[in-house]
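Heads up: the structure comes next, in structure tokens.
Structure (structure tokens):
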């Protein structure tokens with residue numbers, strides 16, 4: 060009996076590693092072919108930029124300066140800034156910026172209800188055709204909105220994800236590893252998903268068709284991962300999503316171990332919550348399969364850990380672990396070239412090799428915390444005191 064159980068477990072691990080590796084290879088190949096064209100731009104849609112914030116005074120001025128520099132036609136652009144129970148200077152910064160502007164409104168929620176609740180409160184005030192959601196710690200380039208709205212010329216497109224580009228990749232070994240993760244996820248996985256028509260997920264910088272967002276009930280009311288869950292719902296309802304690498308928002312990636320750990324755990328747990336829509340799926344079989352694979356998220360690291368542990372006790376073939384490492388290695392190299400990091404590739408490869416152990420540990424911790432039903436929190440890594448920490 061024991062041998063039979065071991066054989067089943069080994070078979071499952073091998074199948075998962077092979078399947079995940081094939082998926083990566085498909086996306087890798089797709090990134091090397093021509094991008095899917097965007098439909099010709101017709102009329103200029105009205106757009107509301109929606110920013111949810113929880114104690115973000117440290118980055119508020121940078122964000123507001125970037126919003127003021129957006130090059131989208133002023134008469135077609137407006138802003139809604141939501142303060143989610145803020146206890147710092149964020150509301151004052153937002154109100155000072157919005158004062159005297161006919162296109163900006165500030166919504167102050169007395170108590171923090173979480174990011175999804177803040178977003179939905181803001182969506183209730185939106186009157187434009189499209190709503191662009193932007194995390195408060197991002198810095199969009201001037202043509203960000205103009206680029207991000209391009210896919211909506213296609214009537215079946217309900218959401219478009221932007222390229223959240225690392226702003227501080229060379230700060231230290233942690234930022235290099237965090238940047239590699241970002242580049243691989245977006246320039247390889249999201250780009251490949253888009254080119255294959257498999258609907259990439261939205262993240263912290265994305266645009267949505269307002270009428271469709273309202274129809275599905277707004278953003279998923281879950282503690283984290285509301286963006287991924289919302290795009291998953293759109294896909295199940297038969298809508299399309301796109302990835303627009305020319306719509307760029309700068310992002311200061313995690314620069315210390317504690318910040319990276321909390322962020323990675325939250326992202327991993329958020330993916331486990333992403334599938335909330337019980338309606339019959341209108342997505343294709345390929346899109347459904349990709350949705351299931353994507354829901355594993357960073358938990359695929361645990362598959363590798365299982366394969367490596369099995370190889371160490373000589374029950375799983377050694378080539379299984381090597382296969383897992385080889386394909387992501389190709390992804391990393393491709394992402395680094397696409398990100399323009401050529402002369403500094405060795406430094407990024409060293410960071411990847413060294414810091415992958417922390418990545419594995421954080422993924423394992425997220426799985427354990429999710430299994431134990433530990434509460435989620437909206438943590439703000441920029442909070443200077445414990446009393447203001449939220450996310």
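In the working numbering, the protein residues as written are 60 to 450. Beta carbons are placed, not taken as given, at the ideal position from N, Cα and C, and that holds for glycine.
In this structure, residue 219 sits near residue 210, with a CB-CB distance shorter than 8 Å. Counting along the chain, residue 286 sits inside the alpha helix (DSSP H) bounded by residues 285-295. Taken atom to atom, the span from the alpha-carbon of residue 195 to that of residue 142 is near 10 Å.
About 6 Å separates the CB atoms of residue 203 and residue 307; that is less than 8 Å, so the two are in contact.
Contact check between the segment 271-288 and the segment 357-366: fewer than three CB pairs, one atom from each, fall below 8 Å, which does not count as touching. Shown here, residue 417 sits in a helix according to DSSP, grouped into three states. The Cβ-Cβ distance between residue 164 and residue 157 falls below 8 Å.
262 is the residue among 314, 283, 262, 316 whose C-alpha sits nearest the C-alpha of residue 290. Note on residue 294: 16 or more other CB atoms within 10 angstroms of its CB, so buried under the neighbour-count rule. CA-CA distance, residue 320 to residue 413, rounds to 15 Å. Note on residue 300: 16 or more other CB atoms within 10 angstroms of its CB, so buried under the neighbour-count rule. Taken in chain order, the whole alpha helix (DSSP H) runs of length 4 or more contained in the segment 149-200 are 149-157, 174-182. Counting C-beta pairs with one atom in each stretch, the segment 68-77 and the segment 91-108 have fewer than three that are closer than 8 Å, which means they do not touch. Pairwise C-beta distances place the segment 280-288 in contact with the segment 175-186, as three or more of them are shorter than 8 Å. Taken in chain order, the unbroken stretches of alpha helix (DSSP H) that lie wholly in the segment 70-156 and span 4 residues or more are 116-127. Membership of residue 300 in the beta strand (DSSP E) is indicated by the continuous run 299-310. Here DSSP, grouped into helix, strand and coil, assigns residue 215 to coil. Residue 215 is positioned such that its CB atom lies closer than 8 Å to that of residue 298. Secondary-structure assignment with DSSP links residue 222 through a beta bridge to 307. Counting the other CB atoms within 10 Å of its CB gives residue 161 a total below 16, which places it among the exposed residues. Spanning the alpha carbons of residue 90 and residue 408 requires a straight line of approximately 20 Å. Distance check between residue 129 and each of 201, 191, 119 places 201 closest, using alpha-carbon atoms only. Between residue 86 and residue 248, the gap from beta carbon to beta carbon is short of 8 Å. Classified as buried, residue 223 has 16 or more neighbouring CB atoms from the shown chains inside 10 Å of its CB.
Closest in alpha carbon position to residue 303, among 206, 123, 66, is 206.
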